[in-house]
Structure formats: C-alpha cells, structure tokens
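According to this note's numbering, the stretch in the sequence shown is residues 279 to 371, in order. A virtual CB, placed ideally from N, CA and C, is assigned to each residue, including glycine. The structure presented is a predicted model; accordingly, all values stated were derived computationally and were not measured. Each remark here refers to the structure printed beneath this line.
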Amino acid sequence: MPRTAALLVLAVLLQITAACQPRMPVTRIEAASAARNWCLRDGHPWGDPVETTGPGEPEADGRRWWTVRFHAEPGEKRVVQVNADTGWVRLAP
C-alpha cells in the first residue's frame with residue numbers, strides 16, 4: 279500500500295511539473311499565421327501578410343505585440359497585432 283501511494287504521489291508531481299513549463303514566445307511565422315487565420319475566421323479576404331514586424335517596447339500593461347501588415351488599397355488600413363506572449367490577435371488601434 280505505501281508503495282502504491284508513493285507511486286501515485288510521484289505521478290501527480292510529474293504531471294504538475296510538466297504543466298508548469300513556461301510558454302515559448304511567439305515566433306515571426308506563428309504571428310503571421312495567427313494573423314492570417316484571424317482574417318480568414320473573421321471574413322477579411324486580405325490575402326497573405328506582406329510584412330511582419332517584431333515586438334517593440336512593452337505597452338503600459340507590459341504587453342508586447344507583433345505587427346502584421348496586409349496589402350491595402352490607398353486609404354485603407356490592414357494591420358493586425360499579435361500578442362508576443364499569448365498569440366492573441368487584434369486589429370491595430
């Protein structure tokens with residue numbers, strides 16, 4: 279019985295340790311892919327990204343963003359931002 283309990287505790291500790299691994303930062307390819315998928319999901323037929331700019335200085339809340347630009351006609355703004363830590367996508371403000 280004590281051996282079974284010890285194995286159970288060891289298995290639980292192993293699962294906790296594996297779940298606490300830090301998240302890898304979002305790469306340029308992942309940012310462009312996330313932006314493209316967001317456009318497809320939200321019905322923006324913008325095509326493939328033409329430029330992906332790395333995250334700059336953090337905002338006041340500490341978030342950093344990849345900037346992904348799509349081909350735009352004059353007067354249009356087709357810029358999406360991807361969170362450098364989580365991959366969350368938003369339209370650029």
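Considering just the uninterrupted stretch of the beta strand (DSSP E) at E335, what are its terminal residues? Counting along the chain, E335 falls outside any beta strand (DSSP E), and DSSP gives it neither H nor E.
Candidates L286, A309 and H322: closest to H349 by CA position: Of the candidates L286, A309 and H322, the one whose C-alpha sits nearest the C-alpha of H349 is H322.
Between A313, R319 and L318, which lies nearest to P327 when the distance is taken from Cα to Cα? For the residues A313, R319 and L318, the minimum Cα distance to P327 belongs to A313.
DSSP state of R356, grouped into three classes? R356: coil per DSSP, three-state reduction.
Just checking my contact of W324 with R368 at CB under 8 Å: how many whole Å lie between their CB atoms? Between R368 and W324 the Cβ distance is about 15 Å, and since that is not below 8 Å, they are no contact.
Could you give the distance in angstroms between the alpha-carbon of E354 and the alpha-carbon of R347? For the pair E354 and R347, the Cα-to-Cα distance works out to about 11 Å.
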